[in-house]
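Chains as they are written, first to last, in full-length UniProt numbering: chain A, 1 to 292; chain B, 1 to 292.
Heads up, the beta-carbon is just placed ideally off N, CA and C, and yes, glycines get one too.
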Amino acid sequence: MTTLPAALSRERTRRRSYSAASVIGTVCVSLLLLLYFLAVAYPLFWMVISSFKETNDIYSRTWSLPAQWMFSNYTAAWKQGLSDYFMNSVIVTGMTVVFNVLFSAFSAYGLSRFSFRGKHLILALLSAGLMFSPQVSLIPLYKLVQAIGIYDTHWTLILPYVAFKTSLIVLLIRSFFVALPKEYEESAYLEGCTSLGILFRIFLPLSMPIILTAALQTAYYAWNEFMFAIIFVDSDAVKTITAGLMAFRDALSTDWGVLMAGLTLSALPLVTMFVAMQKVFIRGLGDGGVKG
Amino acid sequence: MTHRRLTPYFYVAPSLLVMILFIYYPVVQNLQSSLFDWSPFSSDRRFIGLGNYTRLLQDSLFYSALKNNLLHVLVSVLLQVLGALVLAAVLEDRLLRAVAPLLRTVYFLPVLISVSIIGLLFGFIYHPEIGLLNGFLRSIGLEEWTTGWLGNSKTAMLAVISIGQWQGLGYTTMLYIVAIQKIPQELYEAGRIDGCGRIQSFFHITLPQVKEIMFVVTVYTLSQSILVFSDVFVLTKGGPGDASQVLSTYLYRKAFVDNEMGYASTVANMILIITFMLYLVQSKLFNTGRER
Numbered sequence: 001m002t003t004l005p006a007a008l009s010r011e012r013t014r015r016r017s018y019s020a021a022s023v024i025g026t027v028c029v030s031l032l033l034l035l036y037f038l039a040v041a042y043p044l045f046w047m048v049i050s051s052f053k054e055t056n057d058i059y060s061r062t063w064s065l066p067a068q069w070m071f072s073n074y075t076a077a078w079k080q081g082l083s084d085y086f087m088n089s090v091i092v093t094g095m096t097v098v099f100n101v102l103f104s105a106f107s108a109y110g111l112s113r114f115s116f117r118g119k120h121l122i123l124a125l126l127s128a129g130l131m132f133s134p135q136v137s138l139i140p141l142y143k144l145v146q147a148i149g150i151y152d153t154h155w156t157l158i159l160p161y162v163a164f165k166t167s168l169i170v171l172l173i174r175s176f177f178v179a180l181p182k183e184y185e186e187s188a189y190l191e192g193c194t195s196l197g198i199l200f201r202i203f204l205p206l207s208m209p210i211i212l213t214a215a216l217q218t219a220y221y222a223w224n225e226f227m228f229a230i231i232f233v234d235s236d237a238v239k240t241i242t243a244g245l246m247a248f249r250d251a252l253s254t255d256w257g258v259l260m261a262g263l264t265l266s267a268l269p270l271v272t273m274f275v276a277m278q279k280v281f282i283r284g285l286g287d288g289g290v291k292g
Numbered sequence: 001m002t003h004r005r006l007t008p009y010f011y012v013a014p015s016l017l018v019m020i021l022f023i024y025y026p027v028v029q030n031l032q033s034s035l036f037d038w039s040p041f042s043s044d045r046r047f048i049g050l051g052n053y054t055r056l057l058q059d060s061l062f063y064s065a066l067k068n069n070l071l072h073v074l075v076s077v078l079l080q081v082l083g084a085l086v087l088a089a090v091l092e093d094r095l096l097r098a099v100a101p102l103l104r105t106v107y108f109l110p111v112l113i114s115v116s117i118i119g120l121l122f123g124f125i126y127h128p129e130i131g132l133l134n135g136f137l138r139s140i141g142l143e144e145w146t147t148g149w150l151g152n153s154k155t156a157m158l159a160v161i162s163i164g165q166w167q168g169l170g171y172t173t174m175l176y177i178v179a180i181q182k183i184p185q186e187l188y189e190a191g192r193i194d195g196c197g198r199i200q201s202f203f204h205i206t207l208p209q210v211k212e213i214m215f216v217v218t219v220y221t222l223s224q225s226i227l228v229f230s231d232v233f234v235l236t237k238g239g240p241g242d243a244s245q246v247l248s249t250y251l252y253r254k255a256f257v258d259n260e261m262g263y264a265s266t267v268a269n270m271i272l273i274i275t276f277m278l279y280l281v282q283s284k285l286f287n288t289g290r291e292r
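See the structure below:
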């Protein structure tokens, strides 16, 4: 403690002597941060502004505010198919989240609370999914979904999405379940609770934060997935947003304002969710480690 | 009693079944499929052994796709592994405490927006006539740099790679920020008292403390670059010519445009081998990290 004043005065002299260099450094760093800020924010800002313009206005006055604010672009985009794509995305994402979280919680529970033959093999199989990218199984999967008759339905996306997200979510929930104290379930067993009852009445309520993280991660993936969405679905009535926007572009190649409105609308759900639940979202990204 | 013994298997069954059906079975099928010459529209399925593999090793398009992936790897490692770390350290600096939350949020926004939205938006930004990029270049007097970014075979791949950076940098930066926030503040205080400047404390405190997450980010970035599909597909579909073809789009083209399913499976298996090696490296690094 006695050295603290001395250290502080040393710190002060150091700061004074380096001040010129550090001012230049600070200015350069701030400029770079500002440039990167503009490079990210301006295209998004431009997208939103252009979504209120007429096509001619986008073409001739690219950089200006709308001559006339075309709120009708949004209703037009919604009516010209976006509402269907939206509903499909909501259904596919919702079902994927429900099935994946439920199945993964079951597996995590089985793996963390029971000992049984083949447990290590099953754990290995459940977690090794991380090694395989969707590309690798794409072609047999394309044949498979046709053979079992789910091609061009919502299930053709939901089931593969669940499969490819299982490993990450099982590992996430399992690491939480393993850490839960044994006493809770022992007293519950004594009172005649079944193992399923213990999972639903004790484990799941206790692990709500991790379940929320798991749900967010799965939703993020299912909402944005692109490759399966364009290959396993053919008809417009089943397409999710990511695939639907491609069809939307082809249909609206001359109506840019409406297309921009469609892009803005499609970006809104996740952006809103992020702004509302930033903490959970970021912790989820940290916990889950690696997405994709 | 037998009922009790079967219980854990019921818990793991749903996840396991979905994964076996939609990941493991297709991966095995794909190995077999690569030994045949077949198309989805004819029943003619000819066994050709390793014929597809010898053809692949002489296929110049395969090599140019691989080269594009490696270019993606190079740029992504520089920006998303190294650049993101510096950016995260700067954003966590005390000097920026007031603006860092805003910058962090904005830098992260592109992560939340699906590739098809970003792809279509950048279609406008790269547009030869009205595009924002050319407009910007003209306004700062670099008229001669303007080009049709996606239509020019020299710039198409770079334009695609740039989008990957625009979208991905915020994500890896956020992973680093989460890691840096876990570093005990006392380390930095001790460093300050010892007279460590910002740059010294970055190299002596931050860098060693985030080493582990840096491995994760590196492996993640590498696999993202090897597997890149949607960015290319939305923006250029691999064109012009095959200038921006990457492994995954080449696989798509062989399977769904040229109908050479067996050959496409072979490309998929090359992707499997590459990602599998990455996975091995990752688990090796992680195990040595834990033993320490």
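Bounding residues of the alpha helix (DSSP H) (the contiguous stretch that carries residue i)
i: F99/A; result: 83-113
i: T62/A; result: Counting along the chain, T62/A falls outside any alpha helix (DSSP H), and DSSP gives it neither H nor E.
i: Q68/A; result: First-last for Q68/A: undefined, no H or E at that position.
i: K239/A; result: That residue, K239/A, is in no alpha helix (DSSP H); it is neither H nor E in DSSP.
i: P140/A; result: 134-147
i: G239/B; result: Looking at the DSSP string, G239/B is not in any alpha helix (DSSP H), and its letter there is neither H nor E.
i: N69/B; result: 60-76
i: M131/A; result: No alpha helix (DSSP H) holds M131/A; DSSP gives it neither H nor E.
i: W78/A; result: Counting along the chain, W78/A falls outside any alpha helix (DSSP H), and DSSP gives it neither H nor E.
i: G257/A; result: 256-276
i: I198/A; result: 195-198
i: L251/B; result: 247-252
i: S153/B; result: Counting along the chain, S153/B falls outside any alpha helix (DSSP H), and DSSP gives it neither H nor E.
i: V86/B; result: 84-91
i: Y24/B; result: Run containing Y24/B: none; DSSP gives neither H nor E here.
i: E186/A; result: 183-190
Residue i (DSSP reduced to helix, strand or coil)
i: R117/A; result: coil
i: F41/B; result: coil
i: F232/A; result: coil
i: F47/B; result: strand
i: F52/A; result: coil
i: F176/A; result: helix
i: F276/B; result: helix
i: V36/B; result: A small correction: the amino acid at residue 36/B is Phe; Val does not occupy that position in the sequence shown. DSSP places F36/B in strand when its eight states are reduced to three.
i: V99/B; result: coil
i: T173/B; result: helix
i: K211/B; result: helix
i: H154/A; result: coil
i: S207/A; result: coil
i: F229/B; result: coil
i: E260/B; result: coil
i: K182/B; result: coil
i: F10/B; result: helix
i: D57/A; result: helix
i: F226/A; result: coil
i: D194/B; result: coil
i: S244/B; result: coil
i: S253/A; result: coil
i: V18/B; result: helix
Of the residues the options, the one placed nearest residue i, counting alpha carbons only
i: V160/B; options: L31/B, S33/B, L121/B, G170/B; result: L121/B
i: S225/B; options: K284/B, L79/B, T155/B; result: L79/B
i: S278/A; options: Q200/B, V111/B, Y279/B, S248/B; result: A small correction: the amino acid at residue 278/A is Gln; Ser does not occupy that position in the sequence shown. Considering only alpha carbons, the answer is V111/B.
i: W38/B; options: Y263/B, Y279/B, W145/B, Y25/B; result: Y263/B
i: I58/A; options: T272/A, T264/A, G257/A, I282/A; result: G257/A
i: S112/A; options: K211/B, A89/B, T7/B, T206/B; result: T7/B
i: P208/B; options: I180/B, L71/B, K154/B, A243/B; result: I180/B
i: Y220/B; options: H204/B, T172/B, V234/B, V232/B; result: T172/B
i: V257/B; options: R5/B, P40/B, F10/B, F36/B; result: P40/B
i: M227/A; options: S116/B, N30/B, L109/B, Q32/B; result: S116/B
Close-in-space but distant-in-sequence residues of the same chain around residue i (CB under 8 Å, 5 per side omitted)
i: I139/A; result: none
i: M95/A; result: H154, I158
i: K239/A; result: D84, Y85, N88, A229, V233, A247
i: A163/A; result: G129
6 Å Cβ shell around residue i - same chain, five flanking residues per side excluded
i: A261/A; result: S51, N73, Y74, A77
i: V48/A; result: T264
i: M1/A; result: Summary for M1/A: the model assigns pLDDT 42, below 50, so the residue's position carries little reliability; its value from the coordinates is reported in the next sentence. Hits under 6 Å: none found.
Contact set for residue i: own chain, Cβ-Cβ below 7 Å, skip 5 residues either direction
i: L204/A; result: A105, I211
i: Y53/B; result: T266
Ordered list of beta strand (DSSP E) runs contained in the segment 101-146 of chain B, each at least 3 residues
Within the segment 101-146 of chain B, no complete beta strand (DSSP E) run reaches 3 residues.
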